[in-house]
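Here my numbering is used: the first residue of the sequence shown is 86, the next is one more, and so on. Yeah, the Cβ is synthetic: ideal placement off N, Cα and C, and Gly gets one too. One structure is given here, and the rest of the page talks about it.
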Amino acid sequence: MITNDRMIAFIDSFDKGNTPFLEEIEKEARAAEIPVIRPATQSLLRFLMAARRPMRILEVGTAVGFSALLMSEYAPEGAHVTTIEKYEKRILEARKNFKRGGREERITLLEGDAAGVLEGLRGSYDFIFMDAAKGQYIRFLPHVLRLLAPDGMLVSDNVLQDGDVLESRFAVTRRNRTIHARMREYLYALTHEPGLETVILPAGDGVSLTVRKQKPVEAWRLEKKKLVEEYRRANRTALRGQVVCAGSSLMEMFPVEEWAKELGEGVPAVYNRGVGGYTTTDLLSVLDICVLDLAPAKVFINIGTNDLNNEQETVAEIMDRYEEILNIIERELPETVIYLMAYYPVNYEAASEEMKPCLRIRTNERIAQANQEVEKLARRHGLRYIDLNEPLRDERGRLKAEYTIEGMHIRPEGYRAIFPEFMAYVRE
Ligand code: SAM
86 MITNDRMIAF IDSFDKGNTP FLEEIEKEAR AAEIPVIRPA TQSLLRFLMA ARRPMRILEV
146 GTAVGFSALL MSEYAPEGAH VTTIEKYEKR ILEARKNFKR GGREERITLL EGDAAGVLEG
206 LRGSYDFIFM DAAKGQYIRF LPHVLRLLAP DGMLVSDNVL QDGDVLESRF AVTRRNRTIH
266 ARMREYLYAL THEPGLETVI LPAGDGVSLT VRKQKPVEAW RLEKKKLVEE YRRANRTALR
326 GQVVCAGSSL MEMFPVEEWA KELGEGVPAV YNRGVGGYTT TDLLSVLDIC VLDLAPAKVF
386 INIGTNDLNN EQETVAEIMD RYEEILNIIE RELPETVIYL MAYYPVNYEA ASEEMKPCLR
446 IRTNERIAQA NQEVEKLARR HGLRYIDLNE PLRDERGRLK AEYTIEGMHI RPEGYRAIFP
506 EFMAYVRE
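This is the structure we're talking about:
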């Protein structure tokens with residue numbers, strides 16, 4: 086035992102246990118002396134399923150399927166577990182258990198030696214549970230890391246080998262010496278590999294938790310992907326023929342959806358599908374989710390301000406992509422009325438130090454030039470160009486200092502000032 090028995094008994098006394106079906110599988114497995122994860126590891130897995138909500142789970146070492154069933158039970162609805170086992174007798178038992186639990190659709194059992202099976206796997210998993218032969222972990226590691234999603238977590242069980250890993254190699258039996266050396270190597274790799282962050286916990290037989298650290302840009306991309314995924318989900322129950330707002334952060338931060346709802350009956354539903362940081366190229370790639378799927382009666386667009394931050398981009402190039410967006414909407418939704426919104430002004434003098442370099446490029450002059458082009462684009466397509474900026478401007482044409490967060494983004498008070506005119510367009 087790694088931690089002392091009284092401590093373990095105390096911690097386990099709080100364990101609320103698993104579902105009756107899991108309890109039964111565990112009892113049977115223990116009676117047949119089939120290894121299954123210990124209570125501490127079980128509660129850790131239950132916790133991680135709730136905390137990380139993984140949808141694609143991979144397990145190395147099924148045995149008779151207890152931990153696969155446990156993860157499947159406590160993961161979010163729609164999650165899928167893929168698990169690998171090489172021992173035929175156990176494969177048969179595991180398949181029976183998956184069937185008994187009605188989980189055949191949600192658990193895929195891959196048969197064979199994990200080294201070969203892992204090599205053939207593609208795609209990525211957001212949660213990987215390593216629970217096979219301890220001496221093999223280091224061999225599986227390159228594949229496991231290849232398969233681990235950018236924000237994924239790898240959980241490895243039995244890493245402290247009942248405390249053996251602490252001992253000098255001469256203190257462990259000859260048979261265990263190779264495992265001992267390989268496990269130390271494995272833990273060293275997990276804790277020293279650049280891009281990984283690992284914690285080793287003395288729970289159960291020793292468990293390590295590893296996450297792949299993301300580069301800031303990857304983290305940003307992933308966050309945006311999640312938001313777009315949320316929109317996709319929300320679209321399923323959203324009404325068609327209403328109003329959609331598409332664009333970047335300046336749209337996303339406009340609480341137009343909530344405020345329109347507060348106005349009550351008789352106001353169409355307004356769906357804000359703005360995505361912070363998105364450019365015209367980004368919007369093009371998610372146009373189905375952010376606009377088309379909702380088949381709105383009206384769509385308000387404010388996209389391109391992030392493109393303006395890029396010095397290398399000419400306004401003409403930005404407008405070409407903007408036009409591509411319009412062409413698609415016009416083709417797919419010929420009935421939809423499209424409003425092109427003027428870009429909001431900025432305020433360099435009121436800007437934070439971090440924002441200033443960006444506002445040296447995205448100047449009010451560049452914004453004014455871009456707005457002229459948006460207006461021309463609207464005219465060419467016979468669309469509405471709307472400029473709500475009047476209440477936002479100070480006497481020098483800048484975004485009013487009291488309305489801005491850091492020179493570019495707008496506070497709720499600023500949005501409040503333009504909301505009535507915006508709603509007039511919604512209602513017309
Ligand atoms: N995760 C299971 C649970 O808690 O219900 C227990 C797994 S048991 C500790 C380890 C399993 O990994 C054994 O059934 C063993 O046959 C399997 N195994 C070991 N080495 C393997 C390998 N190289 N490829 C596939 N399976 C392997």
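Taking 8 Å as the cut-off, decide whether the C-beta atoms of residue i and residue j are in contact.
i	j	result
A217	V145	yes
V63	Y356	Given a span of 86 to 513 for the chain in the structure shown, any question on residue 63 remains unanswerable.
D290	N261	no
Y210	S241	no
G349	G332	no
I374	Y316	yes
Y488	L477	yes
L203	F225	yes
L194	E178	no
V121	A148	yes
I495	L368	no
I142	A164	yes
T322	K383	no
R320	D378	The amino acid at residue 320 is misidentified as Arg; the sequence shows Asn. Against a cut-off of 8 Å, the Cβ pair of D378 and N320 comes out as a contact.
N449	G499	no
Y407	L462	yes
V459	A435	no
M268	Q246	yes
L206	L155	no
G467	A380	no
P235	L307	yes
Please classify residue i: is it buried, with 16 or more other beta-carbons within 10 angstroms of its beta-carbon, or exposed?
i	result
H265	buried
K298	exposed
M92	exposed
D97	exposed
T365	buried
N103	buried
R131	buried
P105	exposed
L129	buried
Y273	exposed
M86	Note on M86: pLDDT 47, under 50, position unreliable in the model; the coordinate value appears next. Its Cβ having fewer than 16 others within 10 Å, M86 is exposed.
I414	buried
I446	exposed
T399	exposed
Q127	buried
F507	buried
Taking the DSSP output, what are the residues bridged to residue i?
i	result
C330	N357, F385
I119	Paired residues: none, contrary to the question.
V422	K383
T167	L143, T193
R478	L484
M238	F212, V296
L377	None; L377 has no bridge partner.
L233	Y210
I495	T489
Hey, residue i and residue j are a contact pair by Cβ (cut 8 Å); roughly how many whole angstroms apart?
i	j	result
I503	L484	So it is not a contact: roughly 11 Å between Cβ atoms.
F212	R137	6 Å
I452	L393	7 Å
N432	G389	No, N432 and G389 are not in contact; Cβ-Cβ is about 19 Å, not under 8 Å.
V166	I192	5 Å
T295	L232	In fact, because the Cβ distance is near 13 Å, the residues do not count as touching under 8 Å.
T276	G220	Contact flag wrong, Cβ pair sits at about 19 Å.
Can you list the alpha helix (DSSP H) stretches of 4 or more residues lying completely in the region 185-218, in chain order? 199-205
What ranges does the beta strand (DSSP E) occupy inside the region 266-347, keeping only unbroken runs of at least 3 residues that lie completely in it? 281-286, 292-297, 328-332
Alpha helix (DSSP H) segments (min. 4 residues) lying fully within the region 416-471: 441-446, 449-466
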